[in-house]
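In the working numbering, the protein residues as written are 10 to 149.
Here it is in structure tokens:
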């Protein structure tokens, strides 16, 4: 089966936060309101041989991005907010890239958290221009 999705641990130095905290991959809401949540992740694979000369089979990989909302008022229970992705049939002999992006509005309370997980995290491209995540407060 597919490996378990992994939470992305973001580089705090490249982010901007206003009334949001950050801890272990999670944005922490410091002010209740209606927010637009957005996430984009890029997956990239170069044809690299393993130490034993074999190649990783990337011909049929599920590249899925999940965005979760952890609700403080429900004992920090996580609810899936958004999911997007595709099963990619990549060419083993060359460079391959796939990006997934999504966004939606949601009501957040002070103390809630947001985080992103991805399948096949080993092909996640960590460059900030292609892989990012955030929340913009639209109103109360």
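Note that CB positions come from ideal geometry on N, CA and C, so glycine has one too.
Measuring straight from C-alpha to C-alpha, what distance separates residue 109 and residue 121?
24 angstroms
Contact the region 122 to 138 vs the region 40 to 58: 3+ CB pairs below 8 angstroms:
yes
Assign residue 14 to one of three DSSP states: helix, strand, or coil.
coil
Close Cβ partners of residue 82 (< 7 angstroms) along its chain, the five nearest in sequence each way excluded
118
Between residue 140 and the rest of its own chain, which residues show a CB-CB distance below 8 angstroms, the 5 nearest in sequence each way excluded?
17, 49, 50, 51, 133, 134
Exposure label - residue 94; buried when at least 16 CB within 10 Å:
buried
What residues in its chain sit with their C-beta under 7 angstroms from that of residue 69, if we drop five residues either side in the sequence?
96, 98
Within a Cβ cutoff of 7 angstroms, which residues of the same chain sit near residue 23, ignoring the five residues on either side of it in sequence?
137
Quick one: is residue 27 buried, meaning 16 or more other Cβ sit within 10 Å of its Cβ, or exposed?
exposed
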